[in-house]
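Colleague: Note that the UniProt record's numbering gives residue 114 to position 114 of the sequence shown, counting from 1, and the numbers run on in steps of one.
The beta-carbon is built from N, C-alpha and C at its ideal position, and this holds for glycine as well.
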Amino acid sequence: MARLEETTQNGPVRTCVGCGKRAAKRELLRVTAGSDRDGQPAVVPDPTATAPGRGAHLHPTRECYELAVRRKAFTRALFPKGKGAEGGLSSAPVEDYLDTRQTPTTVADGQLTRNWSKSS
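1) Would you identify the three-state DSSP class for Leu89, choosing helix, strand or coil?
2) Check whether the Cβ atoms of Val17 and Ala33 lie closer than 9 Å to each other.
3) Hey, out of Arg101, Gly11, Arg70 and Cys19, whose CA is closest to Ser91's CA?
4) Please report the residue range of the beta strand (DSSP E) in which Thr75 lies.
5) Between Gly88, His57 and Tyr65, which lies nearest to Arg14 when the distance is taken from Cα to Cα?
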């Protein structure tokens with residue numbers, strides 16, 4: 001039976017694949033399986049959460065990223081039951097994104113909002 005999507009006052013809730021803590025979906029960075037610049041299988045950031053297919057969520061911090069890499073959480077989350085990514089996934093695109101992103105923040109109606117996209 002499908003589980004109903006959990007929601008709070010802040011919207012849908014997701015679990016970070018790095019630290020394992022639950023947070024509002026809008027506070028997390030979505031990542032998907034894709035290709036790096038060389039065409040090799042890789043975990044790629046999806047800041048707009050519009051890419052097709054299975055995704056995983058991650059706090060956009062270096063600490064959660066390193067935990068996810070150490071635990072091999074990206075492969076486990078994106079390829080259930082050991083399917084696909086036999087040689088492993090490169091997570092360099094996510095690391096590059098975290099290193100270069102700018103996180104402008106604004107406070108509107110007493111709530112902190114973040115824009116995770118590069119274009120801002």
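Modeller: Let me spell this out:
1) Looking at Leu89 - three-state DSSP - the assignment turns out to be coil, as it is neither helix nor strand.
2) For Val17 and Ala33, no; Cβs fall outside 9 Å.
3) Nearest to Ser91 by alpha-carbon distance, out of Arg101, Gly11, Arg70 and Cys19, is Arg70.
4) Counted as a single uninterrupted DSSP element, the stretch harbouring Thr75 is not any beta strand (DSSP E) but the alpha helix (DSSP H) occupying residues Ala73 to Leu78.
5) Distance from the Cα of Arg14 is smallest, within the candidate group Gly88, His57 and Tyr65, for His57.
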